[in-house]
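Have a look at the structure below, then the notes.
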Amino acid sequence: MLSRLSRPKAVAVCALPVVALFATAVFVPLPFSVAQPGITANVLGENKGTPVITVSGAPMRTTTGQLRMTTIEATGPDADVALGDVIDGWFRTDRAVMPRDAVYPSGNTVKEIERHNAEQMQQSQDAASRAALRYLHISEKDVKVTLKLADVGGPSAGLLFSLGIIDKLEGDGGGGDLTGGRTIAGTGTIDAAGNVGAVGGVALKSQAARRDGATVFLVPKEECADARADLPKGLRLVPVTTLNGAVDALVALEKGKGSVPSC
1 MLSRLSRPKA VAVCALPVVA LFATAVFVPL PFSVAQPGIT ANVLGENKGT PVITVSGAPM
61 RTTTGQLRMT TIEATGPDAD VALGDVIDGW FRTDRAVMPR DAVYPSGNTV KEIERHNAEQ
121 MQQSQDAASR AALRYLHISE KDVKVTLKLA DVGGPSAGLL FSLGIIDKLE GDGGGGDLTG
181 GRTIAGTGTI DAAGNVGAVG GVALKSQAAR RDGATVFLVP KEECADARAD LPKGLRLVPV
241 TTLNGAVDAL VALEKGKGSV PSC
């Protein structure tokens, strides 16, 4: 013999699995990482007491202003990110929620990921040095560039490394600094031929740049839309596709002449 439940009781019974599922989802780790603006570092200066750029075989200039590479900080590959963290990140402009596989190589251990990021940084530094010396028409056989930046991995500082080397060796080519005394920040990969590539996380990096005093932010051109999304007040975006174009834009800014691209 079947009995019938009243409507309120039926709703309550049906709601129980939904409530249980939601309660479980709140506490179950999700495959996401939550990122926020990270540190910035002036490649023309020192990092943890060690010069970021040193050159042997050629005289180095004394520079003014700053060229700040930018980073994001993300929850670790082994961190538990719950539903509440994801929801909170979606509604904040100083946070970003990204698939964990988009931040860290899938299936790797923490040590393997750290090794991978260190290798990417080394490759980026090598490419940045070659691109800068190629721009300056200096032979790698005569000049050795050493780059040191502790506790930072990945390839996204390549553009700023190249610009820093150029500023240390030649400046604007006429006795002045590429920065014009400003605090300039940016991001972008670079290859040995001087091509600038996308990096991701530019909206968060622009916030880190402005927080640390930058008024100009160099961004890979293909990421202009992302950089504009939550652009901090007082920060000017300058899109770049090549090292030559980045230098030209900085010289134009410094001298107040010529065309400076914008997003």
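Residue numbers for the sequence shown follow the numbering used here, so the first one is 1 and each next one is one higher. Where a beta carbon is used, it is the ideal one built from N, C-alpha and C, also for glycine.
Worksheet entry | Nearest candidate by alpha-carbon position, reference Pro155, set Glu254, Ser262 and Ile72 | For the options Glu254, Ser262 and Ile72, the alpha carbon positioned closest to that of Pro155 is the one of Ile72.
Discussion item. Quick check on Ala227: buried or exposed, where buried means 16 or more other Cβ atoms within 10 Å of its Cβ?
Written reply: By the neighbour-count criterion, in which 16 or more other beta carbons inside 10 Å mark a residue as buried, Ala227 falls on the buried side.
Worksheet entry | Other residues of its chain near Asp142: CB distance less than 6 Å, five sequence neighbours each side excluded | Here the set comprises Gly57.
Worksheet item: Quick one: Cα of Val26 to Cα of Ser33, how far?
Response: With a pLDDT of only 47 at Val26, under the threshold of 50, the placement of this residue in the model should not be trusted; the figure read from the coordinates follows. Their Cα atoms are separated by approximately 15 Å.
Practice prompt. Report the rounded CA-to-CA distance for Asp191 versus Ala157, giving the unit in angstroms.
Written response: Roughly 11 Å between the two C-alpha positions.
Discussion item. Which residue wins for smallest C-alpha separation from Met69, given the options Leu160, Asp126 and Arg61?
Written reply: If we check each option's Cα against that of Met69, Leu160 comes out closest.
Worksheet item: Is there contact here, the stretch 203-218 with the stretch 36-49, by at least three beta-carbon pairs under 8 Å?
Response: Between the stretch 203-218 and the stretch 36-49, the count of Cβ pairs shorter than 8 Å is three or higher; the stretches touch.
Discussion item. The alpha helix (DSSP H) that contains Ile113, what's its start and end?
Written reply: Residues Val110 to Leu136.
Discussion item. Within 10 Å of its beta-carbon, does Lys168 have 16 or more other beta-carbons around it, so buried, or fewer, so exposed?
Written reply: Classification for Lys168: buried.
Worksheet entry | Per DSSP, cross-strand counterpart(s) of Arg236 | Answer is Val216.
Discussion item. Please report the distance separating the alpha-carbon of Ile165 from that of Ile53.
Written reply: The straight-line gap from Cα to Cα measures roughly 7 Å.
Discussion item. Looking only at its chain, what residues have a beta carbon closer than 8 Å to the beta carbon of Val55, apart from the 5 residues adjacent to it on each side?
Written reply: Within the same chain, Cβ atoms closer than 8 Å to the Cβ of Val55 are found at Val143, Lys144, Val145, Thr146, Ile165, Lys168 and Leu169, the five residues on either side in sequence being excluded.
Practice prompt. Let me know if Thr187 comes out buried or exposed under the rule of 16 or more other beta-carbons within 10 Å of its beta-carbon.
Written response: Taking all protein chains in view, the Cβ of Thr187 is crowded by 16 or more other Cβ atoms within 10 Å, so the residue is classified as buried.
Worksheet item: What's the call for Pro239, buried or exposed, on a 16-neighbour Cβ count within 10 Å?
Response: By the Cβ neighbour-count rule, Pro239 is buried, with 16 or more other Cβ atoms within 10 Å of its own.
Discussion item. Please report the distance separating the alpha-carbon of Glu119 from that of Gly153.
Written reply: Glu119 and Gly153: Cα-Cα distance of roughly 8 Å.
Worksheet item: Leaving out the 5 sequence neighbours to the left and right, which residues in its chain are closer than 8 Å to Glu46 when beta-carbon positions are compared?
Response: Scanning its chain for C-beta atoms nearer than 8 Å, with the 5 sequence neighbours on each side dropped, one finds around Glu46 the residues Val52, in chain order.
Item to complete: Return the residue from the list Arg95, Val260, Gly171 and Thr183 that minimises the CA-CA distance to Pro59.
Response: Shortest Cα-Cα distance from Pro59 to any of Arg95, Val260, Gly171 and Thr183 involves Gly171.
Item to complete: Output the boundary residues of the alpha helix (DSSP H) element that contains Gly186.
Response: No alpha helix (DSSP H) contains Gly186, which is instead part of the beta strand (DSSP E) from Thr183 to Gly186.
Worksheet item: Going by DSSP, what residues sit across from Asn47 in a beta bridge?
Response: Beta-bridge analysis with DSSP links Asn47 to Thr50.
Practice prompt. Alpha carbon to alpha carbon, how far is Gln36 from Asn244? Give it in angstroms, no decimals.
Written response: Taking C-alpha positions only, Asn244 is separated from Gln36 by approximately 31 Å.
Item to complete: Output the distance between the C-alpha atoms of Gly176 and Asp80, rounded to the nearest integer angstrom.
Response: Going from the Cα of Gly176 to the Cα of Asp80 covers about 49 Å.
Discussion item. Closest to Gly213 by C-alpha separation, out of Pro220, Thr63 and Leu67, would be which residue?
Written reply: Out of Pro220, Thr63 and Leu67, the CA that lies nearest to the CA of Gly213 is found in Leu67.
Worksheet item: Who pairs with Pro37 in a beta bridge, going by DSSP?
Response: Per DSSP, Ile72.
Worksheet item: Quick one: Cα of Ala249 to Cα of Lys48, how far?
Response: Taking the straight line from one Cα to the other gives about 30 Å.
Worksheet item: According to the neighbour-count rule (16 or more other Cβ atoms, all chains shown, within 10 Å of its Cβ), is Gln122 buried or exposed?
Response: That one is exposed.
Discussion item. If you follow the alpha helix (DSSP H) that Lys168 is in, where does it begin and where does it stop?
Written reply: For Lys168, the enclosing alpha helix (DSSP H) stretches over residues Gly158 to Leu169.
Fill in: Gly197 - DSSP class collapsed to helix/strand/coil
In this structure, DSSP gives Gly197 an extended state, which the three-state scheme calls strand.
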